[in-house]
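Presented below is the structure to which this report refers.
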Amino acid sequence: MILVTVGTQLPFDRLVKAVDTFAKDLSRPVLAQIGKGTYTPQNMKWIKNIEPADFDRVFFDASVIVSHAGIGTVLTAKRFGKPIILVPRQASLGEHRNDHQLATVGQLAGRPGIYVAHSDDDLKKYLLDDLDSPSHEDPSELGRASLVNYLKGYLATV
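So the sequence shown is numbered by our numbering: it starts at 47 and just counts up by one.
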């Protein structure tokens, strides 16, 4: 199954609509957690919010995750060894108050198991591909420290 998650704080109809458009062409079923969005998917199963107690089970059952660029979701995908396609929210489209998610994907792009979709075409290509999972090895402390320091610095300026 493909799991789409947009988080619980803000709607992300652009992502939900894009995956819904491609869902009928995919070989795997799709479950979307649409949060506070107003778009109602027509081609995939959906739920407003996944209960915290069920979230790990749903994540475990998924073969690939599609998500906003929320660091919590990225870390959960890593923990479960799932490939993740990140679609960053954009402030210019009214999806967030600033472009910190663009900065986040700029730091994460190219890491094993992390795929960044900047367009619907990128997203569709990744959904149709057989994506590699992230390594189950712990990331190097240097890489982890670098990412943590970058995020701390960035958040301090917001």
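Here a beta-carbon is modelled for each residue, glycine too, at the ideal position from N, C-alpha and C.
- Annotation note: the region 116-181 contains the following uninterrupted alpha helix (DSSP H) runs of length 4 or greater, listed N- to C-terminal: 117-126, 146-154, 166-174.
- Its Cα nearest to that of R143, the residue L201 stands out among A108, D71, L201.
- Taking the Cβ atoms as the reference, F105 lies roughly 20 Å from K82, outside the contact range of under 8 Å.
- Scanning A99, P75, D100 for the CA closest to the CA of V112 turns up P75.
- Collapsing the DSSP output to three states places T54 in coil.
- Contact between R135 and H114 holds: their C-beta atoms lie close to 5 Å from each other, under 8 Å.
- Collapsing the DSSP output to three states places L197 in a helix.
- Shown here for T86: not one same chain residue has a beta carbon closer than 7 Å to its own, the five before and five after excluded.
- Taking C-beta atoms as the reference points, V52 and I96 fail to come closer than 8 Å.
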